[in-house]
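Going by our numbering, the first residue of the sequence shown is number 590, and it counts up by one from there.
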Amino acid sequence: MGRDLPLNRTRNIGIMAHIDAGKTTLTERILYYTGKTYKMGEVHDGTAEMDWMVQEKERGITITAAATTCFWRNARINIIDTPGHVDFTVEVERSLRVLDSSIAVFDAVAGVEPQSETVWRQADKYHIPRICFINKMDRVGADFERSIDMIREKLFSEPLCLQIPILKSNDEFVGVVDILQMKGLAWDDDLGEKYEEIPIPENLLSTVETYRDKLIETLAEYDDEIMEKFIEGFPVDIESMKSAIRRVTISSKAFPVFCGSALKNKGVQPILDAIIDYLPSPRDMKPVEGHNPKISDDLLFRKPEDKDSFCALVFKISSDTYVGKLSYARIYSGNVKTGDIVLNVTTNKKERIGRILRMHANDREDVKEVFTGDIVALVGVKSVRTGDTLSDVDNPILLEKMEFPEPVISKRFEPKTKAEAEKFKSVLQRLEDEDPTFKVKYDPDTGETLIFGMGELHLEIIVDRLTREFNIHANIGKPQVTYKETITKNCRSEYKYTNNIGGVDQFGHVVIEMEPLKPGTGFIFENRLVNDEIPQIFISIIEDGLKDAMKAGVLAGYEMMDIKTSLIGGSYDQNKSVDIAYRIAANMAFKDGARRSEPSLLEPIMKLEVVSPEEYTGDIINDLNSRRARVEGIDMLKLLKVINALVPLSEVFGYATRLRSISQGRASHTLQFSHYDIVPKNIIENIVGKMTGRISTNLSS
Ligand code: GDP
590 MGRDLPLNRT RNIGIMAHID AGKTTLTERI LYYTGKTYKM GEVHDGTAEM
640 DWMVQEKERG ITITAAATTC FWRNARINII DTPGHVDFTV EVERSLRVLD
690 SSIAVFDAVA GVEPQSETVW RQADKYHIPR ICFINKMDRV GADFERSIDM
740 IREKLFSEPL CLQIPILKSN DEFVGVVDIL QMKGLAWDDD LGEKYEEIPI
790 PENLLSTVET YRDKLIETLA EYDDEIMEKF IEGFPVDIES MKSAIRRVTI
840 SSKAFPVFCG SALKNKGVQP ILDAIIDYLP SPRDMKPVEG HNPKISDDLL
890 FRKPEDKDSF CALVFKISSD TYVGKLSYAR IYSGNVKTGD IVLNVTTNKK
940 ERIGRILRMH ANDREDVKEV FTGDIVALVG VKSVRTGDTL SDVDNPILLE
990 KMEFPEPVIS KRFEPKTKAE AEKFKSVLQR LEDEDPTFKV KYDPDTGETL
1040 IFGMGELHLE IIVDRLTREF NIHANIGKPQ VTYKETITKN CRSEYKYTNN
1090 IGGVDQFGHV VIEMEPLKPG TGFIFENRLV NDEIPQIFIS IIEDGLKDAM
1140 KAGVLAGYEM MDIKTSLIGG SYDQNKSVDI AYRIAANMAF KDGARRSEPS
1190 LLEPIMKLEV VSPEEYTGDI INDLNSRRAR VEGIDMLKLL KVINALVPLS
1240 EVFGYATRLR SISQGRASHT LQFSHYDIVP KNIIENIVGK MTGRISTNLS
1290 S
């Protein structure tokens, strides 16, 4: 069996937007017009096809990146759903990793909103070609030109305006002028399946001319072929313009802009055409890069071709009631069949591909074989986790790992009944497998389970899922900040461990030097022994002992970070030296050193952006000042103020409610983890002073 469609007839796209811009509605319309959904759902009544999970519907946000396949003009479009809320930025990042291109949806009234900027910048980072859809053209206050200006001014990107809206005299949005073809398109008021060509309205003729001249000028600026024609004064035909638009879009030099109203079923089909005409196929992508798992600096490449050897990246795990674990994978090269044995290069385990599923909006299809460029769900690959590489057993390649930030917030979680507690462990394991930014820790001292996530909303949604999907009811604690500890001063520390256990002497002796590192560096170990004071076999044991010590800090037991420890001396006793003695000696030397190196607490600092009408900015800033925030800048966004600040996470719990009351619901905000920073001394005492009596002595030593 061969492929059903040539590789250049595949598109892997994402749809990215600020929450509420209309991404779900647009996706749902796309699925409707491409013929895979039979009933048109609408977000406000909670039936949209992509939002499977109950709480997503209730909150109207999309949090899982499910891949859905549809067909248009004899091409396969795989849509990767990307979330719009900032708490799930890592979900966005991981879908961007496997996409070739994206549609950016904007709300024609709000224009480019703060979260659109964040997502746009992420897409820049991954060089994702984009087309823009200015949605909600039917709303009062919709402003197409302003949205275009904002793309230029706020996103610093070159818009290629391929349409302008047609409004009736009462401002009702009826269709668009296609600037390239120089014709009008009008939609009927039904489900928008039919639309007809109409003459360009008289009153728009000169505007359309201006836009068309501008389009050719912009293309000439970025594309040599058009430039030549332009300079030599030749007419620029539609076909050469289309090829040029495709080239500048794929190279991310400019971004075609369309407009419409997903809700009113207008303007969606031209977007589908544009996906095929202007966005890249997997064949247009560079070979994927990875390395040989056995020789880490040996760079390897796989071309996007069926005849190259198989490799794929698993970008999402989800659990399914019927088939169990689904591993969503992007095939970068080669092909794979059901029953094939592949290598999970990340874990070095062989796996058999049980089934391959192509997910459609309302059904799923078993396929026997998939080829380069496709995105499918695999069933039966047990050891796989998000970010793992699968490859041909004889030609392993390890693709670049996905980086997931550490969770910064936790909540105590205590199942209400014993039966629930039993079920709880396996369910949490499953959720941890699905979501790499969700972590669970069991504290044997207190018997408590702590769940960790990226923000308040992230944990709220997990708790919601536990209740609804798995029927686990629990007492839930208040959100807690995940603090870390570090040292702020260099120090030398020595520990000699001697003991006698069951008549056997034990001996280990180390001298170390500790120094604080730049934030975010983690832990570095260096062996600086010049003479072999300690035999080589004990060195990795000493390193393990130091790592053990890093796990629980000396101030309040939080994990330590950003410390370099060098082994500079020690001694050895031929008869008594054993592993455990060096491990303990290293641990004790480190702890003792940490106490004498002015230990400090580190707290997560969040990047906060508030957009508000001017009259509330004074109150908002006063409130921020009382939260230890550092206001970094205040910009104007038309009539609104944009306040950028850095603020400790502990100070912004429940901020949404507070902001709503200060601004009478008119200001909006986004919060994102920025970095860890040292907690001021007076605050440390508040945070951990009650937890441990050691705090005051440690701080003053
Ligand atoms: P998402 O958060 O980006 O997925 O946005 P949704 O698709 O959930 O849409 C948010 C809200 O805007 C819903 O109430 C939609 O019905 C509404 N909406 C979406 N598209 C349009 C549109 O074209 N015009 C208008 N007036 N409302 C829209």
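C-beta atoms are modelled at their ideal positions from N, C-alpha and C, and glycine is treated no differently.
All figures in this text were calculated on a predicted structure; none of them were measured in a lab.
| Check | Outcome |
| --- | --- |
| Under 7 Å, do V1070 and E1083 count as touching if we go by C-beta distance? | no |
| Nearer than 6 Å: is that true of the beta carbon of S684 relative to any heavy atom of the ligand GDP? | no |
| State buried or exposed for L794, treating a residue as buried only when at least 16 other CB atoms are found within 10 Å of its CB. | exposed |
| Out of curiosity, what's the CA-to-CA distance linking K1196 and V1093? | 56 Å |
| What did DSSP end up calling K646 once you bin it into helix, strand or coil? | Note on K646: pLDDT 47, under 50, position unreliable in the model; the coordinate value appears next. Helix. |
| Buried or exposed, going by whether 16 or more other CB atoms sit within 10 Å of the CB of M605? | buried |
| So, using beta-carbon positions, are V1236 and L1144 closer together than 7 Å? | no |
| Rounded to a whole number of angstroms, what is the C-alpha to C-alpha distance between M1149 and A1141? | 7 Å |
| From this set, F960, T978, F890 and L946, which residue's C-alpha is nearest G923's C-alpha? | F960 |
| Consult DSSP for N1120 and reduce its assignment to one of helix, strand or coil. | coil |
| From the DSSP output, in three-state form, read off I1232 for me. | strand |
| Around the C-beta of R662, are 16 or more other C-beta atoms found within 10 angstroms, so that it is buried, or is it exposed? | exposed |
| Just the C-alpha distance for I666 and I602, rounded to the nearest angstrom, thanks. | 7 Å |
| For K938 and S972, which I take to be in contact (beta-carbon distance under 8 Å), what is that distance rounded to the nearest angstrom? | 5 Å |
| Enumerated in chain order, which unbroken segments of the alpha helix (DSSP H) with a length of 4 residues or greater are wholly contained in the stretch 687-726? | 703-714 |
| Could you check which residue in K842, T807 and S841 has the C-alpha nearest to that of V825? | T807 |
| Out of curiosity, what's the CA-to-CA distance linking Y1205 and C848? | 33 Å |
| Taking 6 Å as the cut-off, is the C-beta of I1076 nearer than that to any heavy atom in the ligand GDP? | no |
| By DSSP, does R741 sit in helix, in strand, or in coil? | helix |
| At a cut-off of 6 Å, would you count A606 as near the ligand GDP, judging by its Cβ distance to the nearest heavy atom? | yes |
| In whole angstroms, what separates the C-alpha of Q711 from that of L1260? | 16 Å |
| Sorry if obvious, but does the Cβ on R719 come closer than 6 Å to a heavy atom of the ligand ADP? | The ligand content of the structure shown is limited to the ligand GDP, which means the ligand ADP is not among them. |
| With DSSP collapsed to three states, give me the class of D576. | Because the chain spans 590 through 1290 in this model, residue 576 falls outside it and cannot be assessed. |
| Is DSSP giving Q770 helix, strand or coil here? | coil |
| Indicate the three-state DSSP secondary structure (helix, strand or coil) for H1047 in the structure shown. | helix |
| Could you name the residues that DSSP lists as bridge partners for Y1265? | P1193 |
| For P1025, which residues from the same chain have a beta carbon less than 6 Å from its beta carbon, with the 5 sequence-adjacent residues on both sides left out? | T975 and F993 |
| With contact counted as at least three CB pairs below 8 Å, one residue from each stretch, are the stretch 691-709 and the stretch 605-615 in contact? | yes |
| Going by DSSP, what residue range makes up the alpha helix (DSSP H) through R1184? | D1168 to R1184 |
| Can you look up I1209 in the DSSP assignment and give me helix, strand or coil? | helix |
| If S1314 sits next to E1115, beta carbons under 8 Å apart, how far is it from one beta carbon to the other, in whole angstroms? | It is not possible to answer for residue 1314, since the shown part of the chain is limited to 590 through 1290. |
| Which residues in the same chain as L1055 place their Cβ atom closer than 6 Å to its Cβ, once the five residues preceding and following it in sequence are excluded? | I1061 |
| Mind pulling the beta strand (DSSP E) runs of 3 or more residues that sit fully within the stretch 932-963? | 938-941, 944-948, 953-956 and 958-960 |
| Inspect the CB distances between the stretch 833-848 and the stretch 743-757 and report whether three or more fall short of 8 Å. | yes |
| Since K1136 is in the alpha helix (DSSP H), which residue starts that stretch and which ends it? | I1128 to K1140 |
| Assign N1275 to one of three DSSP states: helix, strand, or coil. | helix |
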